[in-house]
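Protein chains in written order, with our numbering: chain A, 252 to 710; chain B, 252 to 710.
Built from N, CA and C at the ideal position, the CB exists for glycine as well.
Step one of this worksheet: look at the structure below.
Rendered as structure tokens:
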């Protein structure tokens, strides 16, 4: 296994040590082997060191972390999970924290501060540079999950009436303070965003050509745009960075693709968790009690629905006592309705999230789900009819279960596709609430339909 | 609504037309208004044109597409969905296709050819340049979903013993044929990858400095690496491109982050679909019959499980006839077990996908899920006991349902976390098969436990 892994990701020979991972080092660090630990902190990639720190006991982690110089500490710190960052903030001295905070990019600071409690945040804010403080306060005003929170405020700009030669000089100056420059933003004399130019095109250009002639148009993102929308922008236009503007169209920051990659991953996790009845705040590292609490909300909601369903069944207790075989068959109808409903929910919810289900094609999607429900209801109904005939040899019971299956699966397709759309229209997240409503429908209707048909048709 | 949208994504004034979307244009295009259609093709962003084309009737789409020059056609073509690309390939003349294909990047070509049937692919391969043909055939040999398929073969390289001045000249030459240069790959005299240098650092550098002194180490990706692993690499190291190497460590291509963004989105959709019992090949545009077929497989598998479950219930038909109230209560126990099991599956499957659940922490995760199961089983069991007492006023039935709930939810936590891990170990995708096994368990065990306890305890 270990050997296979090694083969998959190869390391450029010369600098193998840069990508050292920790496994073999744990013991050395626990024994406070300063020589080896220092070498590791010096040579390994910050992302790998962060992974090591997450795996170490907290005291060992702190020891390792403090061996790095300021720049290294910053690089490692931003790679840590939110939980671990909070732990570090609690444990490091105020001076240590504020020197790290002063080195962070604006989006990284904001991310950190949104995790801290108010008191701790104020305490740190009071120790750091006033200009930085202003900047952090401004960015914290943007709502969570918006473009304003994702952006950072370091980027390179040139003026559209400069020529390429002068523009390169401007970029050189900016480059010293900006970690990544892929694209340069072009402004007019009023500092209003007019377009972009790629760094490589600037280098290729004739030094005398004016920027205006080379720049490409760019669609800017308003600071209040939802991060899901931002992710769609990046996917659609295949860019590595995008400008963020205020109400007046003035550029106030840029979003880079590495942050968007995290957004896409986060949003997907949120959808999966919500569909599965788990809070998006849960992770492998959340405490047992916090997990218990979050999940109980979901389970109790479902219990309420289940009790309602039970009361539907209890209406037919007389019929069940008369034909007891109905008791073993009824969960099949309800359960299959739930499965078919879940399929419809899955397609609709995911395509709402990715932006593929729009105001234009929703009707076609619902119609398709309804037809699928009917066809699969017919097909599954036929199979159930046949199997019931084979094992129970009762034509009326077989007809009832087959018919109930057809009806319940058709309803499941319709409800499974309409409910998420209604929830979306009501601005409720379809991922979180669809399955409750749909399961309630398919369960109650499944039992009602099967037992009702049975009490009418079977004498 | 329309007004709100406009505010969210703003367009740099000067070039509004570049981001025109089609809605208002549909009619003009249907009426073959060549003037307006040509303006649109000239000015709009290829990604927006592609969106328009997807929404138009096919004949209108073809008319619009053919108005673009070759470069524009290529840019639009790569933005189309796989389905639409296939439609175009069927309809365009062989000459039109081969000129487009010759312009595509290597990963785009491979992507296209993997969608075509063998015959059509051969036909096109025979019309294009021999060098390109070789390249396409080579890349098609990499397995689907591997790094080799994702990479493209255009990138900029310099030698480690060059100085910055000479390196910039090399990059200038490469830049003419390479769409995006963010990072330059550094080779030794044997063309073996030694490191990278950012374009901006090259520009900042003293012209006389040797590349070797400025380059940073880089971890290369083997061509056979799974794309999910590739996505994790990009997330961990926050890079915009990464080198792909062959068995001997020679660089054979590079993967760019825009492709990775699609991979992350695709893999998330695959997980969500599979967890919901939908084939990852389904989309809003797949045909009704293909959807029906895929979903029936899932439904029939579930039907089989449901029939097994029914046979468990039928063992207790005597007890149910004696105490008919059990019939309405038994689905509650089974259903709640299913819900709790789904919660555990969701956490475990998602964290396997994102790489957070590893060989080191799986045991802690299972233990936690088991404890959550016990605690929530106790809590939900207590609520169920109380509600049953209130409505049915039967102490023994209330005890039985409370106890069965406790046991079934504990089992659900254990099974819901262990099954995905076992499947992963057996190299079966946990997302696709977990819920079948877990639901089978919680259903059968739920009924067995509840009805079994009832027949023992209630006289």
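At a cut-off of 7 angstroms between beta-carbon atoms, residue 601 (chain A) makes contact with chain B.
Contact note: residue 587 (chain B) reaches chain A through 550, 553, 554 and 557, using a C-beta cutoff of 9 angstroms and chain order. Going by DSSP, residue 495 (chain B) is part of the beta strand (DSSP E) stretching over 492-496. Residue 560 (chain B) is positioned such that its CB atom lies no closer than 7 angstroms to that of residue 402 (chain B). The segment 591-598 of chain A and the segment 501-518 of chain B do not touch, with fewer than 3 CB-CB distances between them shorter than 8 angstroms. Residue 484 (chain A) is not bridged by DSSP to any residue.
Short of 7 angstroms from the beta carbon of residue 683 (chain A), and not among the five residues preceding or following it, lie these beta carbons of its own chain, in chain order: 525.
Per DSSP, the beta-bridge partners of residue 443 (chain B) are B:501. Taken through DSSP and simplified to helix, strand or coil, residue 433 (chain B) comes out as coil. Within the segment 519-538 of chain A, those residues whose Cβ lies closer than 8 angstroms to any Cβ of chain B are, in chain order, 519, 520, 522, 523, 524, 526, 527, 528, 529, 533, 534 and 535.
Under a criterion of Cβ atoms nearer than 8 angstroms, the residues of chain A adjacent to residue 580 (chain B) are, in order, 561.
With 16 or more neighbouring CB atoms inside 10 Å of its own CB, residue 527 (chain B) falls in the buried class. At a cut-off of 7 angstroms, the C-beta of residue 421 (chain B) has no neighbouring C-beta in chain A. Close to residue 605 (chain B), with beta-carbon spacing below 8 angstroms, are these residues of chain A in chain order: 516 and 520. For residue 408 (chain A), no alpha helix (DSSP H) segment is defined; the enclosing uninterrupted segment is the beta strand (DSSP E) at 408-410. In the DSSP annotation of this structure, the continuous segment of the alpha helix (DSSP H) that includes residue 277 (chain A) starts and ends at 277-281. Looking at the backbone, the Cα of residue 626 (chain A) and that of residue 543 (chain B) are separated by about 7 angstroms. Residue 299 (chain B) and residue 390 (chain B) have their alpha carbons spaced roughly 29 angstroms apart.
Within chain A, the C-beta atoms nearer than 7 angstroms to that of residue 638 (chain B) come from 558, in chain order. Taking the CA atoms as reference points, residue 379 (chain B) sits about 15 angstroms from residue 340 (chain B). For residue 602 (chain A), the closest of B:592, B:517 and B:366 by C-alpha to C-alpha distance is B:517. For residue 582 (chain B) and residue 556 (chain A), the gap between their C-alpha atoms comes out near 11 angstroms. Flagged as an interface residue toward chain A: residue 627 (chain B), by a C-beta distance shorter than 7 angstroms.
Rounded to whole angstroms, the separation of the alpha carbons of residue 291 (chain B) and residue 361 (chain A) is 41 angstroms. For residue 371 (chain A), the closest C-alpha among the options A:587, A:343 and A:478 is that of A:343. Contact of residue 701 (chain A) with chain B is not assigned, every C-beta pair being separated by 7 angstroms or more.
Within 10 angstroms of the beta-carbon of residue 646 (chain A) lie fewer than 16 other beta-carbons, which makes it exposed. For residue 542 (chain A), the residues of chain B that pass the 8 angstroms Cβ criterion are 619 and 623, in the order they occur in the chain. Sequence-ordered contacts of the segment 389-416 of chain B with chain A are nonexistent [C-beta pairs closer than 7 angstroms]. A check of alpha carbon separations from residue 690 (chain A) across A:703, A:705, A:662 and A:675 identifies A:662 as the nearest. For residue 472 (chain B), the uninterrupted beta strand (DSSP E) run begins and ends at 470-473, by DSSP. The beta-carbon separation of residue 704 (chain A) and residue 651 (chain A), rounded to 5 angstroms, stays under the 8 angstroms limit for a contact. Residue pairing of residue 397 (chain A) in beta bridges, as defined by DSSP: A:477.
For residue 552 (chain B), the enclosing alpha helix (DSSP H) stretches over residues 539-565. Cβ contact annotation for residue 357 (chain A) (same chain, cutoff 7 angstroms, sequence separation greater than five): 386, 390, 403 and 404, in chain order.
Rounded to the nearest whole angstrom, the CA to CA distance from residue 702 (chain B) to residue 363 (chain A) is 53 angstroms.
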